[in-house]
Amino acid sequence: MKKVKLFQSMQWKIIIIMILLLLLAIQVIGSYFAQRLENDLTESFEENVDERLDVLSYNLEEALKKERPEDGSGPTLQDDVEDIVGLYGRSDVYSKLQVIDRQFRIIGTNAQEDIGKLVTGDSGVRPAIIYGTTKRAIQRDTQTSERRLVRIVPLYDEDEPLGAIYLEASMEEVYDQLDNINNIFLNGTLIAIIISALVGILVARAITKPITEMRRQAMIMSQGDFSQKVNVYGTDEIGQLAMTFNDMNEKIKQANHTTEEERRKLSSVLSNMSDGVLSTNEKGIITLMNEPAAILIGKSFEEVKGQSIIDVLQLEDKKIDLTEFQEAGSITIDFSDDEQFFLIKANFSTVQDENEQFSGLITVISDVTEQEKVEKERREFVSNVSHELRTPLTTMRSYMEALIDGAWEDKEIAPQFLEVTQNETERMIRLVNDLLQLSKMDHKEQSMYKERVNIVPFFHHVLDRFEMNKEELIVIERHIPKDSLFLWIDKDKIIQVIDNVMSNAIKYSSKGGKITFGVIKEKQRIKVSISDKGPGISREKLDKIFERFYRADRARSRQLGGTGLGLAIAKEIINAHHGQIWAESAEGKGTTIFFTLPLINRKRGMKK
Numbered sequence: 041m042k043k044v045k046l047f048q049s050m051q052w053k054i055i056i057i058m059i060l061l062l063l064l065a066i067q068v069i070g071s072y073f074a075q076r077l078e079n080d081l082t083e084s085f086e087e088n089v090d091e092r093l094d095v096l097s098y099n100l101e102e103a104l105k106k107e108r109p110e111d112g113s114g115p116t117l118q119d120d121v122e123d124i125v126g127l128y129g130r131s132d133v134y135s136k137l138q139v140i141d142r143q144f145r146i147i148g149t150n151a152q153e154d155i156g157k158l159v160t161g162d163s164g165v166r167p168a169i170i171y172g173t174t175k176r177a178i179q180r181d182t183q184t185s186e187r188r189l190v191r192i193v194p195l196y197d198e199d200e201p202l203g204a205i206y207l208e209a210s211m212e213e214v215y216d217q218l219d220n221i222n223n224i225f226l227n228g229t230l231i232a233i234i235i236s237a238l239v240g241i242l243v244a245r246a247i248t249k250p251i252t253e254m255r256r257q258a259m260i261m262s263q264g265d266f267s268q269k270v271n272v273y274g275t276d277e278i279g280q281l282a283m284t285f286n287d288m289n290e291k292i293k294q295a296n297h298t299t300e301e302e303r304r305k306l307s308s309v310l311s312n313m314s315d316g317v318l319s320t321n322e323k324g325i326i327t328l329m330n331e332p333a334a335i336l337i338g339k340s341f342e343e344v345k346g347q348s349i350i351d352v353l354q355l356e357d358k359k360i361d362l363t364e365f366q367e368a369g370s371i372t373i374d375f376s377d378d379e380q381f382f383l384i385k386a387n388f389s390t391v392q393d394e395n396e397q398f399s400g401l402i403t404v405i406s407d408v409t410e411q412e413k414v415e416k417e418r419r420e421f422v423s424n425v426s427h428e429l430r431t432p433l434t435t436m437r438s439y440m441e442a443l444i445d446g447a448w449e450d451k452e453i454a455p456q457f458l459e460v461t462q463n464e465t466e467r468m469i470r471l472v473n474d475l476l477q478l479s480k481m482d483h484k485e486q487s488m489y490k491e492r493v494n495i496v497p498f499f500h501h502v503l504d505r506f507e508m509n510k511e512e513l514i515v516i517e518r519h520i521p522k523d524s525l526f527l528w529i530d531k532d533k534i535i536q537v538i539d540n541v542m543s544n545a546i547k548y549s550s551k552g553g554k555i556t557f558g559v560i561k562e563k564q565r566i567k568v569s570i571s572d573k574g575p576g577i578s579r580e581k582l583d584k585i586f587e588r589f590y591r592a593d594r595a596r597s598r599q600l601g602g603t604g605l606g607l608a609i610a611k612e613i614i615n616a617h618h619g620q621i622w623a624e625s626a627e628g629k630g631t632t633i634f635f636t637l638p639l640i641n642r643k644r645g646m647k648k
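Read in order, the letters of the sequence shown correspond to residues 41 to 648 in the numbering used here.
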């Protein structure tokens, strides 16, 4: 780098600034001397007053101690005091001069109308006479604003008090002199300020012009514009600063470009993540949140910005410190309300600065509601399967043990025991078959052999089977359209659905009951209804009848040989046909099962 010349250096410019500071120092010194002058004039005035007061007090003490003839011949005390006051107490600066005896009466003064008056108030005269204290103070008259020196001097005959002198001396002449000097000093100061200002403007302009340009460029850079550069006026320190500033501008431009690319990548990653991401500072205040997180917690970033992550994620009851979140690992948070069940899983990771101090928190949240539901259903499913298998196995074991113990020899009991064992075996076989079918449906392994079917004769054929095998005194009433209706279905699977629903209706219908089978065409679908007049199902149980192993009446269902999987299989089959299935019921009035199936679109020859 090129060497800086002497008169182009910043050091020379600093010398000029020091000259200006020297001018300022002169003003400070002038103020100091003005203060000292005030002190000297004030002290000189007080010394002059004290000298004259010493002479006055000496003569007054002699006059007060003087013995006087009892016949009253010769000068009186009053005459002597007046002569002394007239001789030593006359001065233009004395505003008030009083001689007070030990009875606190004025016996001498420069104002004759006060002779003989008693001194009152808190002027300090009484303490001076009683205790021998002196007083020195500068006071300002409240009416005239005149500054006065107040002196109170006790008069003594050895240790015996004789009286006191009260003196007020005007100091306005002293302060008038000071005002004149201050005016001269002020005029000189104004001239120095004007000269200093002119010189300062020239020097400051030379120094601050490039700095001003750099400041302006810094403002432009703060707005994201890095295209401009500052002018370099020389090779001194400021010139080199300008060149360094331009280099910094270019580096910041490149760094900003790199940062912007990384920010766009990060934004793209966060936006396309299926999981929600929240970032906080060291105080746990949210500073960043992506759209999936906003959807999961049901609040926009503007709503949660500046809030604590503990409040946003409703973790107040967890009682976890911010720095303990990483140790906490993952937390499942219940966001459920009266309308829906909703669970969120939060995984926490702490962020540390270069000193390995906690500086923030990264939280990844995901919806685990369905996962939790599946896990809950799996646990319930395993529990139900275990229970359903344990019951018949326990029954079979009991009967088999009885047969082994000798019941097989009883010709009446043995056939009954074997019949029960056979029935329980068949029920387990049905249960296992239903479980296998559901498992295949869950894994999409169940094959569907769909074909074009006219459901009018198809439904009549299915119902005819029940007419031949129905329980006594059960009436099946049909409401099926006469016109042809074509569906794209797997006949065997739909027969299985109808068999399950009809079997339940027959099981829960009393003798002489009626089952109604109805079909209604609705736009591009048909709605099938199967109604019975059985005991019905309560409202709180109605939504659960399509769940696996759920029985509205467990004892009666198991007694009638049900596995608890029939309606669950029916629901899976109807869903596979792009239909819907549901139930309506009222206790004591029977139950109606509805399901829909789409009609074939005649224009395209395929299902809708």
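All C-beta atoms, glycine included, are put in the ideal place defined by N, C-alpha and C.
The model shown is predicted, which means the values in this text are computed figures rather than measured ones.
What does a CB cutoff of less than 6 Å around residue i pick up in its chain, not counting 5 residues either side in sequence?
i, result
"D606", "Note that residue 606 corresponds to Gly in the displayed sequence, not to Asp. Answer for G606: N540, listed in chain order."
"I560", "K567"
"I614", "I621 and F635"
"T229", "Q67"
Is it the case that the Cβ atoms of residue i and residue j are separated by a distance below 7 Å?
i, j, result
"F382", "F388", "no"
"I373", "A386", "yes"
"V159", "I178", "no"
"V502", "I538", "yes"
"I555", "H617", "no"
"S549", "G574", "yes"
"S340", "T327", "no"
"S97", "I170", "no"
"V270", "Q257", "yes"
"L100", "L207", "no"
"S348", "G324", "yes"
How far does the beta strand (DSSP E) with residue i in it extend, from its first residue to its last?
i, result
"G558", "K554 to E562"
"R492", "E491 to N494"
"V623", "Looking at the sequence shown, residue 623 is not Val but Ala. I621 to A626 is the extent of the beta strand (DSSP E) around A623."
"K385", "L383 to Q392"
"I205", "E200 to S210"
"V515", "V515 to H519"
"R180", "K175 to R180"
"F635", "G630 to P638"
"Y134", "Y134 to D141"
"V404", "F398 to D407"
Quick one: what's got a C-beta closer than 7 Å to residue i's C-beta in the same chain, skipping five residues either side?
i, result
"S487", "none"
"M508", "none"
"I535", "V502"
"A74", "I221, N222 and F225"
Grouping DSSP H, G and I as helix and E and B as strand, with all else coil, what is residue i?
i, result
"D504", "helix"
"S97", "helix"
"I57", "helix"
"G604", "coil"
"F266", "coil"
"E300", "helix"
"P194", "strand"
"A151", "coil"
"K581", "helix"
"G576", "coil"
"Q67", "helix"
"Q183", "coil"
"F526", "strand"
"M41", "Only weak support exists for where M41 lies, its pLDDT of 43 falling under 50; the value from the coordinates is given anyway. Correct three-state label for M41: coil."
Let's see if you can read the secondary structure: which residues bound the alpha helix (DSSP H) around residue i?
i, result
"A334", "E331 to I337"
"I534", "K531 to K547"
"I349", "I349 to V352"
"V344", "F341 to V344"
Determine the direct distance from the alpha carbon of residue j to that of residue i, and round the result to whole angstroms.
i, j, result
"I444", "T434", "15 Å"
"A545", "K531", "21 Å"
"D80", "E213", "14 Å"
"G552", "I633", "20 Å"
"G156", "S185", "29 Å"
"G346", "E301", "26 Å"
"S578", "A626", "6 Å"
"N88", "S71", "26 Å"
"P521", "R565", "13 Å"
"G279", "Q294", "23 Å"
"E587", "A610", "11 Å"
By Cβ distance below 8 Å, which residues in the same chain neighbour residue i in space, the five residues on each side in sequence not counted?
i, result
"R130", "N150"
"S307", "none"
Compute the minimum distance between the beta carbon of residue i and the heavy atoms of the ligand PLP, and state whether it is under 6 Å.
i, result
"K567", "The ligand PLP is absent from the structure shown, which contains no ligands of any kind."
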